[in-house]
Structures are given as structure tokens and as C-alpha cells.
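S.K.:
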Amino acid sequence: MNIIDIIEKKKNNWDLSKEEIEYFVKKYTDGEITDYQAAALIMAICINGMTQDEILNLTIAMANSGDVLDLTDISDNIVDKHSTGGVGDKITLIVMPIIASLGIPVAKMSGRGLGITGGTADKLESIPGYNINLSIDEFKQNIKDIGISLMGQTLNLAPADKKIYALRDTIGCTNSIPLIASSIMSKKIASGANAIVLDVTCGNGAFMKNKDEAKRLSKMMSLIGKWANRQTVCVLTNMDEPLGHSVGNTLEVIEAIDALKGNMADDVKDVVLNLCIQMMNLSKKYPNVLETKGKILEVIENGKAFEKFKELVAKQGGDVSYIEDPTKFEKAPIITPVISEKDGFVEELNAEKVGKAGVELGIGRIHKEDSIDYRVGLMFEKKIGDEVKKGDVLAYIHASSPEKATECVGKINDAYKIGNKKIVKKNIIEII
Ligand code: URA
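Here you go:
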């Protein structure tokens with residue numbers, strides 16, 4: 064068997080056998096297949112797709128490319144959550160402390176930013192001292208001690224996904240159902256949860272641009288979950304505009320802190336509540352569905368969710384004084400407003416355009432090895448449905464230089480459409 068034949072086969076749109084998929088995953092993880100060969104195969108998969116069997120085989124091979132965690136000594140019912148990615152998606156930072164403060168163990172491995180979508184691992188690293196690189200023992204011990212651990216993809220868990228994920232980001236292969244489904248589900252299977260809630264984002268700022276695509280991805284991931292004996296629920300959420308008020312690593316951490324103190328933007332609140340309710344249902348700890356929403360609001364109001372976040376940050380080496388006083392976070396040197404040129408209502412705030420502008424500012428990576436600037440980003444004062452007057456500030460750009468800020472003003476202006484219609488948005492599209 065050799066990689067060139069495998070690439071040729073997929074290029075010609077033929078199905079790959081289980082053995083060929085395992086060969087690729089193993090040899091690429093071990094470094095015997097080069098990045099350019101893997102890029103060619105990934106591109107062929109992206110263009111020609113995969114059958115259900117190929118996707119299952121790819122997921123299993125990726126999950127088995129490293130350790131597969133057994134968390135049964137902590138709980139026989141660990142519920143995990145994962146998003147297919149979005150712009151301004153800080154939901155994990157809010158949902159997971161809430162869930163942990165409700166007594167449901169949280170063991171989560173998060174990824175870095177991919178394409179225009181942000182990554183929780185990058186956001187966590189913007190907290191000074193926060194260590195996302197834990198050993199398996201540390202990860203498990205943290206969950207035993209405080210009921211939560213959020214780490215990066217640094218353990219030997221699905222290492223094949225880590226490599227393929229970073230590669231996809233730099234070769235324009237992020238929006239493929241076989242690649243997204245196998246990426247997410249391999250990580251979830253390897254990290255030991257037995258129930259999974261998936262936030263499947265849908266809209267111009269997501270990999271899945273419309274409801275049909277999002278449903279196809281959801282069905283594929285549910286099928287993999289069923290096959291792997293993991294209960295899986297998919298919540299389809301709107302990603303036509305950035306979620307909440309901020310986009311950018313530090314800015315989103317600050318918004319998450321605010322949310323945990325009860326100050327949540329409406330769209331963020333809708334998504335947080337729906338995901339938490341699904342996670343609570345799957346945990347079996349809260350059988351009375353009518354009580355779940357009240358319990359979530361209670362741990363936000365009584366400060367338990369915020370305290371849990373502080374505990375998590377402290378446990379993973381982060382400086383809690385930043386969480387207590389977010390004004391300590393380093394700010395971008397240039398903060399520039401984007402001003403409305405007319406009266407009306409915000410009819411569109413295009414998340415894809417915002418995401419692209421954000422990557423240019425330095426929020427995300429253009430090349431695999433790029434470093435990112437935690438300080439930069441965007442703060443939105445006006446969102447879809449809001450009324451605006453000429454001269455109002457639509458958003459603020461946090462940039463590393465005046466040139467970057469000026470360049471970004473035009474892009475953000477272009478992301479807004481101000482018209483006469485007051486649009487009512489739907490944040491939760493469907494639960495599958
Ligand atoms: N999140 C992942 O973990 N993988 C993807 O491919 C997309 C989002």
C-alpha cells in the first residue's frame with residue numbers, strides 16, 4: 064500500500080477501504096506521510112466526499128490514533144459538548160462552568176481556531192498562566208477535585224485529528240461534512256464522554272451555510288455516536304451573525320465572565336440555556352425537565368457558576384485576579400469606532416465577513432504556524448434588529464496598529480446592512 068495510490072483513488076472519486084484509511088491516518092500521525100501528501104488527500108476528500116462507511120472508518124482510525132480515555136472511575140455518565148464552530152462562539156466558557164456547578168462532571172478537550180471560527184483552546188490561553196497542556200492524570204485529577212477540566216488537544220488524544228485539523232485550516236478544507244464529522248466525533252470518542260451535545264452552527268459564519276447541510280452533518284454525527292454507543296443530541300444554532308457582543312480571544316473571555324455573572328446577550332443566553340438543558344437531560348441527574356431552566360438560572364444568580372470558572376482557572380494555573388478584575392487584561396493599542404452612515408435597522412451583520420476581518424486583525428491563523436494576538440478583536444454595539452441613527456457607533460475595532468484598524472473599518476462597514484426592516488432572529492433552529 065502507498066499514499067500516492069490512495070491519493071489517486073480519492074482523486075478519481077473511488078471509495079477507500081478501511082485498511083487504506085487506517086494506513087493514511089497511522090502514517091500521517093507518525094510523520095511518514097508528508098503534509099503535502101496529506102493535503103492532496105484531504106483536498107480530494109473535500110471535493111469528492113466520503114461514503115458513510117468511509118466516514119465511520121476515518122473516525123475510528125482517528126479516535127484510535129492515540130489514547131482513548133476511560134473516565135468510568137470518575138463517573139459513568141460524563142456529558143460532553145462541542146460546537147462545529149462559529150464567530151464569537153464563547154459558549155463553552157459559559158456552559159461548562161454552569162454544568163460543573165450543577166454537579167455534572169465536565170471533561171472537555173477543545174480545539175484551536177479553525178478558518179474564520181475561533182477556538183476555545185486559544186481563548187483559554189489568553190488568560191495569563193492558564194495551562195491547556197495537561198497529562199491524563201492531571202486532567203482526571205482536576206475533574207475529581209473540582210468537577211471540571213478544560214484542556215487543549217495536547218494529550219495523546221486523537222493526535223491524527225490535531226494534525227489534520229491544523230492542515231485543513233491552511234488549505235481551505237474546513238467545510239467538509241466527512242472531515243468535520245470525523246474530526247469532532249474522533250475527539251469525543253477518545254476523550255471518554257458517554258453522552259454528547261453538539262452545537263451545530265448554521266449560517267454564513269459557520270462551516271454549514273444552510274439548514275439542509277447542518278442537518279446532514281447532524282445526522283452523520285448522530286450516526287457515528289450511535290455506532291460508538293454514545294448518546295448524541297444535536298442543537299442547530301444560528302450563525303448568520305456573530306454570537307454575543309465580542310469576537311476575539313481576550314474580548315470573548317471578558318464577555319464570558321460577564322455572562323457567568325448574569326449579563327448575557329439574548330442570543331448567547333438562548334444558546335447557553337438550550338445546550339445546558341440538553342446536557343442536563345443526558346446526564347440523568349435532572350430527570351424533571353421542567354426544573355432544568357430554573358436550576359441553570361439559579362447557579363448563575365447565586366454566583367456558583369462564576370465561582371466554578373474561577374476554580375477552574377486557578378486549578379489550571381491561570382491568574383484568577385484577571386477573572387476577578389477583567390480590566391487587567393492587556394488591551395489592543397488602537398481602538399477605533401465604526402460609525403453608521405444612515406438611520407434605520409440592522410438587517411444584516413454578516414458573520415463570515417466579520418470572521419475574515421477578524422483573522423486579518425490577528426484573532427486567528429492564516430498559516431498553520433502563525434501566532435495569534437489575544438488582544439485584538441471586535442466589539443459590537445449594534446446587532447441584527449437594533450435601531451440605529453446616523454452617527455451611532457456600530458462597533459469598535461481593537462487593533463494592533465492604526466493601519467490594521469483603518470483596513471478593518473471598511474470590512475466591518477461592509478458586514479453591516481442598514482435598512483428599513485426590523486428583523487427578528489431565531490437563535491435555535493432545531494434540535495435533532
Ligand atoms: N470543530 C472540530 O473539532 N473539528 C472541525 O472540523 C470543525 C469544528
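Every letter in the sequence shown is one number past the one before it in my numbering, and letter 159, counting from 1, is 222.
Glycine included, each C-beta is placed from N, C-alpha and C at the ideal position.
Ignoring anything shorter than 3 residues or poking outside the segment 440-473, list the beta strand (DSSP E) runs there in chain order.
M.R.: Those beta strand (DSSP E) runs which fall completely within the segment 440-473 and span 3+ residues are 440-443, 456-462.
S.K.: Would the beta-carbon of LEU242 be found less than 7 Å away from any heavy atom of the ligand URA?
M.R.: yes
S.K.: Quick one, are the C-beta atoms of GLY407 and GLY482 less than 8 Å apart?
M.R.: The criterion of a C-beta distance shorter than 8 Å is satisfied by GLY407 and GLY482.
S.K.: Look up MET172 in the DSSP assignment and say whether it is helix, strand or coil.
M.R.: strand
S.K.: Would you mind giving the Cβ-Cβ distance between VAL417 and ALA468, rounded to the nearest angstrom? I have them listed as a contact below 8 Å.
M.R.: About 15 Å separates the beta carbon of VAL417 from that of ALA468, a gap too long to meet the 8 Å contact definition.
S.K.: The beta strand (DSSP E) with VAL401 in it runs from where to where?
M.R.: Segment 397-402, the beta strand (DSSP E) holding VAL401.
S.K.: Between the segment 285-302 and the segment 454-462, do at least 3 Cβ pairs fall closer than 8 Å?
M.R.: Using a C-beta cut-off of 8 Å, the segment 285-302 makes no contact with the segment 454-462, since fewer than three inter-stretch Cβ pairs fall below that distance.
S.K.: For LYS324, which three-state DSSP category applies?
M.R.: coil
S.K.: So, GLU410 versus ILE486, is the Cβ gap smaller than 8 Å?
M.R.: yes
S.K.: Within 8 Å of any Cβ in chain B, is that where the Cβ of SER249 sits?
M.R.: Absence of chain B from the displayed structure is noted, only one protein chain being present.
S.K.: Check the C-beta distance from LYS373 over to ILE386 and give it rounded, since I have them as a contact under 8 Å.
M.R.: 5 Å
S.K.: Mind checking whether LYS347 and ASN111 have CB atoms under 8 Å apart?
M.R.: Going by C-beta atoms, LYS347 is not nearer than 8 Å to ASN111.
S.K.: Is the closest heavy atom of the ligand URA to the C-beta of TYR228 under 7 Å?
M.R.: yes
S.K.: Please report the distance separating the alpha-carbon of ALA253 from that of ALA291.
M.R.: 11 Å
S.K.: Is it the case that the Cβ atoms of ILE157 and ALA414 are separated by a distance below 8 Å?
M.R.: In this structure, ALA414 does not lie closer than 8 Å to ILE157 by Cβ.
S.K.: Whose C-beta lies closer than 6 Å to the C-beta of LYS474 among residues of the same chain, with five residues either side of it excluded?
M.R.: ALA420
S.K.: Confirm, please, whether the CB-CB distance from ALA223 to SER128 is below 8 Å.
M.R.: yes
S.K.: May I have the straight-line CA-CA distance separating LEU230 from ILE429, to the nearest angstrom?
M.R.: 11 Å
S.K.: Take ILE320 and list the residues in its own chain whose beta-carbon comes closer than 7 Å to its own, dropping the five residues that flank it on each side.
M.R.: ILE386, PRO389
S.K.: Hey, is LYS325 close to the ligand URA, as in C-beta under 7 Å from one of its heavy atoms?
M.R.: This sequence places Gly at residue 325; Lys is not what is there. False, no ligand heavy atom lies under 7 Å from that Cβ.
S.K.: Consult DSSP for GLU411 and reduce its assignment to one of helix, strand or coil.
M.R.: strand
S.K.: Is the beta carbon of ILE398 sitting closer than 8 Å to the one on TYR459?
M.R.: A contact, by the Cβ cut-off of 8 Å.
S.K.: Using the Cβ count rule (16 or more neighbours within 10 Å means buried), how would you classify ASP152?
M.R.: buried
S.K.: Per DSSP, which residues does ALA258 bridge with? Please list them.
M.R.: In the DSSP secondary-structure assignment, ALA258 is bridged to VAL142, GLN294.
S.K.: Return the bridge partner residues of LEU345 from the DSSP annotation.
M.R.: For LEU345, which the question treats as bridged, DSSP gives no partner whatsoever.
S.K.: Entirely within the segment 171-225 and at least 4 residues each: give me those alpha helix (DSSP H) ranges in chain order.
M.R.: 183-188, 199-209
S.K.: Compare the beta carbon distance of MET106 and ILE234 with 8 Å and say whether it is the shorter of the two.
M.R.: yes
S.K.: Given the structure, does ILE247 come close to the ligand URA, in the sense that its CB is under 7 Å from one of the ligand's heavy atoms?
M.R.: Indeed, a heavy atom of the ligand URA lies less than 7 Å from the Cβ.
S.K.: Alpha carbon to alpha carbon, how far is ALA395 from GLU83? Give it in angstroms, no decimals.
M.R.: 48 Å
S.K.: Check whether the segment 77-96 and the segment 202-213 touch, using three or more Cβ-Cβ pairs below 8 Å as the test.
M.R.: no
S.K.: Can you list, in chain order, the residues of its chain whose CB lies under 7 Å from that of LYS489, leaving out five sequence neighbours each side?
M.R.: ASN301
S.K.: In the DSSP assignment, what residue or residues form a beta bridge with ASN301?
M.R.: CYS265
S.K.: My guess is that GLY268 and PRO305 are in contact by the Cβ rule of under 8 Å, so how many angstroms apart are they, rounded?
M.R.: 7 Å
S.K.: At a threshold of 7 Å, does GLY174 count as lining the ligand URA (C-beta to nearest heavy atom)?
M.R.: yes
S.K.: Going by the C-beta, is LYS250 closer than 7 Å to any heavy atom of the ligand URA?
M.R.: yes
S.K.: For LEU104, I'd like the list of residues in its chain whose CB is within less than 8 Å of its CB, leaving aside the five on either flank, ordered along the chain.
M.R.: ILE66, ILE69, ILE70, LYS73, PHE87
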